[in-house]
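A.B. asks:
Residue numbers (UniProt numbering): 1 to 545.
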């Protein structure tokens with residue numbers, strides 16, 4: 001017996017499939033902020049049934065969403081990792097149990113990456129494996145956002161990259177056997193927002209590290225990039241919201257913050273600010289010993305802030321690290337990629353920072369075998385690596401992504417792409433790029449701490465060290481870090497209930513002011529109770545007649 005009525009933000013039939021319910025929004029509909037709380041509009045409605053013959057059991061829905069085990073799998077960049085942490089946190093706060101064992105899970109939440117073919121292949125194979133094991137499946141990330149009508153995604157529920165704050169709604173419906181697709185963009189007064197709220201509950205993969213997405217999308221239109229189709233144009237979070245998220249994270253024992261996005265260097269251009277302005281505000285919040293790490297920035301935007309970035313990267317609480325993708329050292333290849341810079345620009349950024357920031361690590365990316373790349377083009381890239389000996393180098397064989405301009409270009413033969421990838425990898429492994437990295441014994445008491453060590457061995461990617469006897473161990477965390485799997489962002493009384501193994505929904509009554517909780521468990525239990533009461537009343541009325 002299906003006993004529910006839903007608001008305009010939920011499916012109106014038990015087996016309906018909505019490609020994008022956000023497409024139905026008009027000027028008279030609620031704002032995105034208001035739609036986050038639409039679950040409170042759900043009202044149970046009884047459906048009249050004929051009396052069943054004596055001896056037959058009353059057939060009702062036996063599936064109660066919010067009690068199942070969920071396995072969350074994420075592929076791709078740190079932005080995607082942060083999205084996965086947020087989705088896991090909301091599900092746990094709503095009563096679901098997050099498991100690391102896919103076999104134990106009732107539903108698989110698969111958070112995809114669309115950058116390269118192998119990542120999508122793993123994603124597609126995981127869907128097939130889940131279906132073979134009769135698991136419920138919800139998909140998220142850049143693949144379904146960019147191409148939701150792909151055949152292997154047919155009939156699956158989808159959470160768009162800007163709809164992760166509604167993961168509980170989608171999983172609830174998927175558990176009940178319904179299919180829902182939320183692919184719309186967050187907008188306010190007609191302006192695209194950076195995404196879901198930053199104060200949502202989260203389960204950090206590493207309780208000591210907070211990943212903060214400072215913006216989504218970018219200002220470029222690279223011919224090989226499928227991510228642009230998913231993340232869209234640049235949309236930045238306000239500085240005050242990012243600072244507040246960092247402040248909250250430190251209060252939960254975090255000792256490192258990683259800033260991430262598709263292009264951190266472009267931050268703020270859509271809202272009248274810039275990356276250095278954000279960084280200086282964040283630095284004020286970093287406790288002694290805690291650290292800030294910057295994410296990837298493309299050369300054109302960091303060029304405008306080189307002097308300011310030097311001062312920031314010299315700060316004792318900011319890692320001397322910057323990820324600046326070059327992709328190719330050939331200007332003709334860069335032009336075909338529509339990268340909007342030349343190799344000289346990249347060299348200027350690298351030289352400027354290396355000369356002024358002692359010990360800085362410059363990481364970069366290179367694509368081998370982009371369409372039209374000649375032997376001469378590739379040799380220029382090899383020479384660039386020989387010169388700078390990048391300590392962190394991401395080598396990618398080119399894969400044509402469907403729907404991108406590069407997929408229509410004349411391709412470099414597969415054997416040649418593989419050979420160039422192999423040659424560049426051999427060059428990278430010919431020098432020692434990680435002489436500054438130190439490994440210490442894996443002792444729980446040292447995790448998240450700073451300790452003086454004696455170096456006793458050096459290898460290709462590491463140095464090994466022993467903690468100096470009687471050395472002082474410094475703890476940068478200003479609060480006790482959360483336990484692994486513990487939900488970030490919960491009030492103290494609810495944190496206690498999670499730690500004690502109590503059902504999250506029991507504490508939901510104390511959270512009327514926190515809409516994401518009341519809309520989850522409290523309303524779920526209320527709806528169930530009212531629905532059962534309505535069934536009983538309907539049956540009594542039927543019998544009286």
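Virtual Cβ for every residue (Gly too), placed ideally from N, Cα, C. These numbers were taken from a predicted model, which means no experiment stands behind them.
Please report how far the alpha carbon of residue 461 lies from the alpha carbon of residue 196, in whole angstroms.
C.D. replies: Position 461 of the chain shown, counted from the first residue, corresponds to residue 461. Position 196 of the chain shown, counted from the first residue, corresponds to residue 196. Cα to Cα, residue 461 sits roughly 37 angstroms from residue 196.
A.B. asks: With a 10 Å radius around its C-beta and 16 neighbouring C-beta atoms as the bar for buried, classify residue 455 as buried or exposed.
C.D. replies: Here residue 455 refers to the residue found at position 455 when the chain shown is read from its first residue. So residue 455 counts as exposed.
A.B. asks: Just to confirm the assignment, what range does the beta strand (DSSP E) spanning residue 101 have?
C.D. replies: As a working note, residue 101 is residue 101 in the chain shown. That residue, residue 101, is in no beta strand (DSSP E); it is neither H nor E in DSSP.
A.B. asks: If contact is defined by three or more beta carbon pairs under 8 angstroms, each pair taking one atom from either stretch, is the stretch 376-395 in contact with the stretch 353-366?
C.D. replies: Judged by Cβ distances under 8 angstroms, the stretch 353-366 makes contact with the stretch 376-395, as three or more pairs qualify.
A.B. asks: Give a yes or no on whether the C-beta atoms belonging to residue 182 and residue 170 are separated by under 9 angstroms.
C.D. replies: The sequence position of residue 182 within the chain shown is 182, counting from 1. The sequence position of residue 170 within the chain shown is 170, counting from 1. Yes, the pair counts as a contact, with Cβ atoms nearer than the cut-off.
A.B. asks: Between which two residues does the alpha helix (DSSP H) carrying residue 332 extend?
C.D. replies: By 1-based counting over the chain shown, the position of residue 332 is 332. 331-337 is the extent of the alpha helix (DSSP H) around residue 332.
A.B. asks: Which of helix, strand or coil does DSSP assign to residue 394?
C.D. replies: Residue numbering aside, residue 394 sits at position 394 when the chain shown is read from its first letter. Of the three classes helix, strand and coil, the one that applies to residue 394 here is strand, per DSSP.
A.B. asks: Would DSSP call residue 441 helix, strand or coil?
C.D. replies: Residue numbering aside, residue 441 sits at position 441 when the chain shown is read from its first letter. Residue 441: coil per DSSP, three-state reduction.
A.B. asks: Could you pull out every unbroken alpha helix (DSSP H) segment of at least 4 residues lying fully inside the stretch 360-433, listed in chain order?
C.D. replies: The qualifying runs are 375-388, 414-428.
A.B. asks: Specify the secondary structure class of residue 344 as computed by DSSP and reduced to three states.
C.D. replies: Within the chain shown, numbered from 1, the residue matching residue 344 stands at position 344. In this structure, residue 344 counts as helix in the three-state DSSP scheme.
A.B. asks: Skipping 5 residues on each side, what residues in its chain have a beta carbon closer than 7 angstroms to that of residue 237?
C.D. replies: Taking the chain shown and counting its residues from 1, the one referred to as residue 237 is at position 237. Cβ neighbours of residue 237 beyond the five flanking positions: 194, 198, 214, 215.
A.B. asks: Just the C-alpha distance for residue 295 and residue 63, rounded to the nearest angstrom, thanks.
C.D. replies: Position 295 of the chain shown holds residue 295. Position 63 of the chain shown holds residue 63. Taking the straight line from one Cα to the other gives about 43 angstroms.
A.B. asks: Between residue 35 and residue 458, what straight-line distance do the alpha-carbon atoms span, to the nearest angstrom?
C.D. replies: Taking the chain shown and counting its residues from 1, the one referred to as residue 35 is at position 35. Taking the chain shown and counting its residues from 1, the one referred to as residue 458 is at position 458. Confidence in residue 35 is poor, its pLDDT being 44 and thus under 50, which makes the residue's placement unreliable; the coordinate value appears in the next sentence. Going by the C-alpha atoms only, they are around 55 angstroms apart.
A.B. asks: Beta strand (DSSP E) containing residue 69: first to last residue?
C.D. replies: Locating residue 69 in the chain shown gives position 69, where the first residue counts as 1. Counting along the chain, the beta strand (DSSP E) containing residue 69 begins and ends at 69-74.
A.B. asks: In chain order, what residues of the same chain lie with their CB nearer than 7 angstroms to the CB of residue 361, ignoring the 5 residues before and after it?
C.D. replies: Working through the chain shown from its first residue, we reach residue 361 at position 361. Closer than 7 angstroms at the Cβ level, and outside the excluded window around residue 361, lie 320, 321, 391, 392.
A.B. asks: Counting only the same chain and skipping the five closest in sequence on each side, list residues whose C-beta sits under 7 angstroms from that of residue 227.
C.D. replies: On the chain shown, residue 227 is found 227 positions in, with the first residue counted as 1. For residue 227, where only same-chain residues beyond five positions count, the Cβ hits under 7 angstroms are 114, 115, 142, 262.
A.B. asks: Between which two residues does the alpha helix (DSSP H) carrying residue 227 extend?
C.D. replies: Counting from 1 along the chain shown, the entry for residue 227 is found at position 227. That run of the alpha helix (DSSP H) goes 227-231.
A.B. asks: Buried or exposed: residue 588, going by 16 or more other Cβ atoms within 10 Å of its Cβ?
C.D. replies: It is not possible to answer for residue 588, since the shown part of the chain is limited to 1 through 545.
A.B. asks: Taking all protein chains shown into account, decide if residue 101 is buried (16 or more other Cβ within 10 angstroms of its Cβ) or exposed.
C.D. replies: As a position in the chain shown, residue 101 is number 101, starting the count at 1. Exposed, since its Cβ has fewer than 16 Cβ neighbours within 10 Å.
A.B. asks: Are residue 208 and residue 254 closer than 9 angstroms when you measure CB to CB?
C.D. replies: For the purposes of this step, residue 208 is taken as the residue at position 208 of the chain shown. For the purposes of this step, residue 254 is taken as the residue at position 254 of the chain shown. Yes, the Cβ-Cβ distance between residue 208 and residue 254 is below 9 angstroms.
A.B. asks: Going by DSSP, what residue range makes up the beta strand (DSSP E) through residue 450?
C.D. replies: Translated into the one-based positions of the chain shown, residue 450 becomes position 450. Run containing residue 450: none; DSSP gives neither H nor E here.
A.B. asks: Return the chain-ordered list of same chain residues with a C-beta closer than 6 angstroms to the C-beta of residue 24, the five sequence neighbours on each side being excluded.
C.D. replies: Residue numbering aside, residue 24 sits at position 24 when the chain shown is read from its first letter. The pLDDT assigned to residue 24 is 37, lower than 50, so where the model puts this residue is not dependable; a value taken from the coordinates is nonetheless given after this. Same-chain partners within the cutoff: there are none.
A.B. asks: Let me make sure I understand the geometry here. Which of 338, 335, 298 has the alpha-carbon closest to that of residue 323?
C.D. replies: To locate residue 323, count along the chain shown from 1; it is residue 323. Residue 323 has its Cα closest to that of 298, out of 338, 335, 298.
A.B. asks: Residue 548 lies in the beta strand (DSSP E); which residues open and close that run?
C.D. replies: The shown model of the chain, from 1 to 545, leaves out residue 548, and the question about it has no answer.
A.B. asks: Tell me whether residue 422 is buried or exposed, calling it buried when 16 or more other Cβ atoms sit within 10 Å of its Cβ.
C.D. replies: Here residue 422 is taken as the residue at index 422 of the chain shown, counted from 1. Result: exposed.
A.B. asks: Just how far apart, CA to CA, sit residue 548 and residue 65?
C.D. replies: A question about residue 548 goes unanswered here, because the residues of the chain that appear run from 1 up to 545.
A.B. asks: Going by beta-carbon coordinates alone, are residue 292 and residue 317 separated by less than 9 angstroms?
C.D. replies: As a working mapping, residue 292 is identified with position 292 in the chain shown. As a working mapping, residue 317 is identified with position 317 in the chain shown. Yes, Cβ-Cβ distance for residue 292 and residue 317 is below 9 angstroms.
A.B. asks: Pull up the DSSP beta-bridge partners for residue 272, would you.
C.D. replies: In the chain shown, the residue the question calls residue 272 occupies position 272. DSSP lists no partner for residue 272.
A.B. asks: Can you list, in chain order, the residues of its chain with a C-beta nearer than 6 angstroms to that of residue 164? Leave out the 5 residues immediately preceding and following it.
C.D. replies: Taking the first residue of the chain shown as 1, we reach residue 164 at position 164. Correct list, in chain order: 83, 86, 87, 196.
A.B. asks: Nearest by alpha-carbon distance to residue 308: which of 347, 344, 289, 356 is it?
C.D. replies: Position 308 of the chain shown, counting from 1, holds the residue named residue 308. Closest option to residue 308, Cα to Cα, is 356.
A.B. asks: With burial defined as no fewer than 16 other Cβ atoms inside 10 Å of the residue's Cβ, what is the status of residue 103: buried or exposed?
C.D. replies: On the chain shown, residue 103 is found 103 positions in, with the first residue counted as 1. Residue 103 comes out exposed.
A.B. asks: How many angstroms separate the CA atom of residue 327 from the CA atom of residue 334?
C.D. replies: One-based indexing of the chain shown puts residue 327 at position 327. One-based indexing of the chain shown puts residue 334 at position 334. Distance between the alpha carbons of residue 327 and residue 334: 8 angstroms.
A.B. asks: Hey, residue 89 and residue 67 are a contact pair by Cβ (cut 8 angstroms); roughly how many whole angstroms apart?
C.D. replies: Against the chain shown, residue 89 aligns to sequence position 89. Against the chain shown, residue 67 aligns to sequence position 67. Wrong, their Cβ atoms sit about 17 angstroms apart, outside the cutoff.
A.B. asks: With a floor of 4 residues, list each alpha helix (DSSP H) that falls wholly inside the stretch 306-331, ordered by position along the chain.
C.D. replies: Correct list: 306-313.
A.B. asks: In three-state DSSP terms, what is residue 264?
C.D. replies: Start at 1 with the first residue of the chain shown, and residue 264 comes out as number 264. Of the three classes helix, strand and coil, the one that applies to residue 264 here is helix, per DSSP.
A.B. asks: Would you kindly check if the distance between the Cβ of residue 111 and the Cβ of residue 150 is under 9 angstroms?
C.D. replies: Here residue 150 refers to the residue found at position 150 when the chain shown is read from its first residue. Here residue 111 refers to the residue found at position 111 when the chain shown is read from its first residue. No.
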